[in-house]
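Here's the structure, in structure tokens; my notes come after.
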Amino acid sequence: MCPPSAVGSEIKSVISENPDFNNITNNYPPLEEKVDNIAKTIHEQSHQIVEDARQLAEQEIRIHDLSETAVDLKEQLDAEEQKGELNGQKIESLQEEAKAAKNTNKKLTIAVVLLGIAVVIIGIVVVISKMGEGQPS
Numbered sequence: 001m002c003p004p005s006a007v008g009s010e011i012k013s014v015i016s017e018n019p020d021f022n023n024i025t026n027n028y029p030p031l032e033e034k035v036d037n038i039a040k041t042i043h044e045q046s047h048q049i050v051e052d053a054r055q056l057a058e059q060e061i062r063i064h065d066l067s068e069t070a071v072d073l074k075e076q077l078d079a080e081e082q083k084g085e086l087n088g089q090k091i092e093s094l095q096e097e098a099k100a101a102k103n104t105n106k107k108l109t110i111a112v113v114l115l116g117i118a119v120v121i122i123g124i125v126v127v128i129s130k131m132g133e134g135q136p137s
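Using our numbering, the letters of the sequence shown map in sequence onto residues 1 to 137.
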């Protein structure tokens, strides 16, 4: 950036080299003052533009960081949802296994009871047959 005095000097030299401008400057001395003021204003505004650009760059960096964070959080959420779905599937599978085990347990209980009844019947048959052997025919 050029300092305002350098910009003003450059404009003044252009004015002084051009006879038409030189006449205007001689006829209107405040014009030179206006040129200086315009140069100062341009210089100040250029500093403000640079500051605004710096702030925008900082905001862009923050936005970029936030968007990366959002992507990371979305990936974590997707992973957690997938875990939840897998856990849900595991729970359903375990519930089905428990139901099957319960049915198997019922069947085994019935089989044991029937086996017990069969043992009792066999025992009765054996006792009756032993009783029959003890008597003469």
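The C-beta atom is built at its ideal place from N, Cα and C for all residues, glycine as well.
Length of the line joining the Cα atoms of Leu-73 and Glu-96: 34 Å
Span separating the alpha-carbon of Lys-106 from that of Val-125: If I take the Cα positions, the gap works out to 28 Å.
Proximity below 8 Å, CB of Glu-32 to CB of Lys-12: It is a contact, given that the beta carbons lie within the stated cut-off.
Straight-line gap, Leu-56 to Glu-10 (C-alpha atoms, nearest Å): CA-to-CA, the gap between Leu-56 and Glu-10 works out to about 32 Å.
Cβ-based burial, Ala-111 [other Cβ within 10 Å; buried from 16]: exposed
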